[in-house]
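Worksheet: one structure, shown below.
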Amino acid sequence: PITAMTGAVELIELTHSGGAPGDEFFNVLSRGVADLRRYVEKLAELTRPPSRSRERLDLRALLRGVSLRTKASSRLALAEIEDLSEPLHVLANEHDLQRALLNLIENAADAAQASPHPSVRVSVQPREGFAHVEVRDSGPGIPPQVQSSLFEPFATYGKQGGTGLGLAIVLQIAESCGGTISVLESTPAGSTFQLRLPLVADHLVGIASDE
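For our numbering, count along the sequence shown from 1 and bump the result up by 794.
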């Protein structure tokens, strides 16, 4: 049904030589169909379990791919992604892990829009046998009473038009990799989400502990 509605909207636009018609009800319809498609795609992603196919991935190469995706989006172009100086390997499905990182960046970018100087920073540190991927935003922060339910399906806070599914999908993917996702810090000056992923065994050597 959504494909049919999308096609109908596109056909109406094509029949107007000047582009989309200016009628306000058509604009409401066009935006509604786009929002509905995005919501259903997120819902399908949540109900589809993460892939069981996992491989040895270099986070450095993966982050470079994510960086290219964010630079191609006007909404996500504000994200600054750290370029790792050395490879860090994890065991994961490439598509799933890239989706998890993009979901975190999208969430951070939405939160940052409330700031007079919106910013999103992504960094990675190896500690105690794990890669700690941290996504920081300059948003207004998340109340403590909301943090405990953020990773539940349909939970959303401080965003207009949010589906409440992005962080639930991140949790699924993190757990499929043997990792975790959490709110590391949240203040009125911004929040930091931490995706913690086990490093592949041959990268445990030489990684210092914080203890």
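Don't be surprised by glycine CBs; every beta carbon is placed ideally from N, CA and C.
Rounded Cβ spacing between residue i and residue j (contact assumed at less than 8 angstroms)
{"i": "Leu853", "j": "Asn897", "result": "About 16 angstroms; that fails the 8 angstroms criterion."}
{"i": "Val884", "j": "Leu978", "result": "Wrong, their Cβ atoms sit about 19 angstroms apart, outside the cutoff."}
{"i": "Arg831", "j": "Ile806", "result": "Their Cβ separation, rounded to whole angstroms, is 16 angstroms, which puts Arg831 and Ile806 out of contact at 8 angstroms."}
{"i": "Arg846", "j": "Val994", "result": "Contact doesn't hold; Cβ gap of about 18 angstroms is too wide."}
{"i": "Ala886", "j": "Arg848", "result": "6 angstroms"}
CB of residue i within 8 angstroms of CB of residue j, strictly
{"i": "Thr782", "j": "Val940", "result": "One cannot answer for residue 782 here, as it falls past the ends of the chain, which runs 795 to 1005."}
{"i": "Val918", "j": "His926", "result": "yes"}
{"i": "Thr864", "j": "Ala871", "result": "yes"}
{"i": "Ile875", "j": "Leu857", "result": "yes"}
{"i": "Val964", "j": "Ala894", "result": "yes"}
{"i": "Leu959", "j": "Leu808", "result": "no"}
{"i": "Thr800", "j": "Val827", "result": "yes"}
Contact set for residue i: own chain, Cβ-Cβ below 7 angstroms, skip 5 residues either direction
{"i": "Gly973", "result": "Leu989, Arg990, Leu991 and Pro992"}
{"i": "Val860", "result": "Ile875, Gln892, Leu895 and Leu896"}
Proximal residues to residue i (C-beta, below 8 angstroms), its chain only, five neighbours per side dropped
{"i": "Leu944", "result": "Ile936, Tyr951, Leu961 and Val977"}
Beta-carbon proximity list for residue i, same chain, < 6 angstroms, skipping 5 on both sides
{"i": "Ser824", "result": "Val803"}
{"i": "Pro881", "result": "Asp852 and Arg854"}
Please confirm if the stretch 919 to 939 is in contact with the stretch 902 to 911, defined as three or more CB-CB distances below 8 angstroms between the two stretches. By the Cβ criterion, the stretch 919 to 939 is in contact with the stretch 902 to 911, since at least three pairs of Cβ atoms, one from each stretch, lie closer than 8 angstroms.
The stretch 960 to 979 contacting the stretch 906 to 923, beta-carbon criterion three pairs below 8 angstroms: These segments do not touch.
Going along the chain, which unbroken runs of the alpha helix (DSSP H) with 4 or more residues stay wholly within the stretch 862 to 932? Runs of the alpha helix (DSSP H) inside the stretch 862 to 932: 888 to 906.
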